[in-house]
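Undergrad: Structure provided below as structure tokens; questions to follow.
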Amino acid sequence: MFAAAAAIAGMGIALTAQPARAAEKDRHCVVNVSTGAKSCCASFTDAIVKAADGRITDAPDGSRAMMSDTRLLNRLNAGTATKASAGAAALAPVSVMYTNADFRGDSLTYVGEFDCTPTLANINYTVELIRPEFNDEIGSYRALWGCRLSLFEHRGRSDGLIGFAGDRTDPGVLDGKASSILWS
């Protein structure tokens with residue numbers, strides 16, 4: 000390897016290091032689990048404000064910071080009590096999906112119209128195909144509003160099932176492979 004570099008240098012060809020590519024800004028999107036309506040925000044804080052229908056405006060700008068902010072998590076998980084005070088049409092986040100393990104990277108926050116039931120006997124929400132820009136990219140997730148999620152490898156909830164859980168810092172065999180979701 001050194002001999003090849005010396006030979007190239009001896010021919011008068013300069014070797015230059017390529018400048019590092021500027022870090023791309025994380026994407027932070029919010030999707031209504033019932034209608035599929037999506038909007039993306041400039042920051043994680045803006046995504047949480049949108050997901051909570053403006054009821055929460057002081058979320059930290061960083062998904063990792065949210066995971067350790069018990070006050071914020073309690074407010075996000077307030078569910079029915081918070082909705083009742085905001086009106087019947089209020090939406091609230093049911094989960095935050097991240098593209099990397101340990102709640103890092105781009106985020107996709109799903110919002111719903113009601114909190115999940117305390118039993119796994121019924122399904123509260125389904126997504127047959129995760130948004131194209133997030134399909135096969137889920138690296139961790141945080142369930143909210145009393146929900147638990149189950150991930151599947153393919154659209155239509157087939158193959159590669161990961162059982163119901165409230166949070167996963169790493170979805171194991173489905174890391175970067177999930178295409179559909181159940182909430183219960």
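Numbering (numbering that gives the first Met the number 0), first residue to last: 0 to 183.
Yeah, the Cβ is synthetic: ideal placement off N, Cα and C, and Gly gets one too.
Name the two residues that bound the continuous alpha helix (DSSP H) containing F43.
TA: As a working mapping, residue 43 is identified with position 44 in the sequence shown. 43 to 50 is the extent of the alpha helix (DSSP H) around F43.
Undergrad: Using C-beta distances below 7 Å, list every residue in its chain close to A50, excluding the 5 sequence neighbours before and after it, in chain order.
TA: By one-based count along the sequence shown, residue 50 stands at place 51. Excluding positions up to five away in sequence, the list reads V29, P92, T108, V110.
Undergrad: Cutting at 8 Å between CB atoms, please list the residues of its own chain near G171, excluding the five before and the five after it.
TA: Along the sequence shown, read from residue 1 onward, the residue named residue 171 stands at position 172. These residues qualify, in order along the chain: I161.
Undergrad: Using DSSP bridges, identify the partner residues of W182.
TA: In the sequence shown, counting from the first residue as 1, residue 182 sits at position 183. BP columns for W182 point to Y124, L148.
Undergrad: Applying the criterion that 16 or more other CB atoms from any shown protein chain within 10 Å of the CB defines a buried residue, is G155 buried or exposed?
TA: Residue numbering aside, residue 155 sits at position 156 when the sequence shown is read from its first letter. That one is exposed.
Undergrad: Going by beta carbon distance, what residues of the same chain come within less than 7 Å of G165, once the five residues before and after it are set aside?
TA: Against the sequence shown, residue 165 aligns to sequence position 166. Closer than 7 Å at the Cβ level, and outside the excluded window around G165, lie A142, R147.
Undergrad: Short of 8 Å in beta carbon distance, which residues of its chain neighbour S178, apart from the five on each side in sequence? Order them along the chain.
TA: For this step, residue 178 is matched to residue 179 along the sequence shown. L128, I129, N134, D135, F151, E152, H153, R154.
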